[in-house]
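Residue numbering for the sequence shown follows the numbering used here, starting at 1 and increasing by one per position.
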Amino acid sequence: MVDDRQHWPTELRVRDGGRTFRITFDDGASYDLSAEYLRVKSPSAEVQGHSPADRKVVGGKRDVAIVAADPVGHYAVKLRFDDGHDTGLFTWRYLHELGATQATVWATYLADLEAKGLARG
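(1) With a cut-off of 8 Å on the beta carbons, I'd call V67 and R80 a contact; round off their distance for me.
(2) If I'm right that L113 touches G59 with Cβ under 8 Å, what's the distance once you round it to whole angstroms?
(3) Quick check on G99: buried or exposed, where buried means 16 or more other Cβ atoms within 10 Å of its Cβ?
(4) What distance in whole Å lies between the Cβ atoms of F25 and W8, which are believed to be in contact at a cut-off of 8 Å?
(5) E36: which of G18, D27, S51 sits nearest, CA to CA?
(6) One question on the structure: do S44 and G88 come within less than 8 Å of each other, judged by their Cβ atoms?
(7) For a test of the three-state rule: what should DSSP assign to A53, helix, strand or coil?
(8) Taking all protein chains shown into account, decide if V72 is buried (16 or more other Cβ within 10 angstroms of its Cβ) or exposed.
(9) Which same chain residues, not among the five before or five after M1, have their C-beta less than 8 Å away from its C-beta?
(10) Once DSSP output is grouped into helix, strand and coil, what is the label at V14?
(11) Can you tell me which residues form a DSSP beta bridge with Y31?
This is the structure:
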């Protein structure tokens, strides 16, 4: 179930040479999200498509790093990755959801990679 409350970040930090993005929220939740996880789950149309049928399974991103995290208004952050990807706007709600469901989403991603014959990198 998706949490519909608005969550506001109290900390945004790129760590470990761009390999980890830490986000802490005002509800006390704190998540360390890998750059790889964020890159392959980017909310961009390039990754998500324009419908569920268009959604891409992105492989080969094990060593990707975040090179910049730029705030967008009061609702999101634009992450730029060292592979040139920079079109996804990560809303606070989406980041909270990615953090809260990380184990399940990651397991599904790994299964999708295997089913498509792709590798992490």
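Ideal placement from N, C-alpha and C gives every residue a C-beta, glycine not left out.
With the structure as the only source:
(1) Indexing the sequence shown from 1 puts residue 67 at position 67. Indexing the sequence shown from 1 puts residue 80 at position 80. Taking C-beta atoms under 8 Å as the contact rule, V67 and R80 qualify, at a distance of about 5 Å.
(2) Walking along the sequence shown from the start, residue 113 turns up at place 113. Walking along the sequence shown from the start, residue 59 turns up at place 59. Contact check for L113 and G59: beta-carbon distance about 6 Å, within the 8 Å limit, so the pair qualifies.
(3) On the sequence shown, position 99 is the one that residue 99 refers to. Residue burial annotation: G99 is buried, with at least 16 other C-beta atoms found within 10 angstroms of its C-beta.
(4) For this step, residue 8 is matched to residue 8 along the sequence shown. For this step, residue 25 is matched to residue 25 along the sequence shown. Taking a contact as a CB-CB distance under 8 Å, the pair W8 and F25 counts as one, their CB atoms being some 7 Å apart.
(5) On the sequence shown, residue 36 is found 36 positions in, with the first residue counted as 1. For the residues G18, D27, S51, the minimum Cα distance to E36 belongs to G18.
(6) As a working note, residue 44 is residue 44 in the sequence shown. As a working note, residue 88 is residue 88 in the sequence shown. In contact: S44 and G88 (Cβ atoms closer than 8 Å).
(7) Along the sequence shown, one-based indexing puts residue 53 at 53. Three-state DSSP puts A53 in a helix.
(8) Mapped onto the sequence shown, residue 72 falls at position 72. Around the CB of V72, fewer than 16 other CB atoms lie within 10 Å, so the residue is classed as exposed.
(9) Taking the sequence shown and counting its residues from 1, one reaches residue 1 at position 1. Unreliable positioning characterises M1 in this predicted model, as indicated by a pLDDT of 45, which lies under 50. A coordinate reading is not provided.
(10) The residue you call residue 14 lines up with position 14 of the sequence shown. Under the three-state reduction of DSSP, V14 is assigned to strand.
(11) Along the sequence shown, one-based indexing puts residue 31 at 31. Beta-bridge pairing links Y31 to I23.
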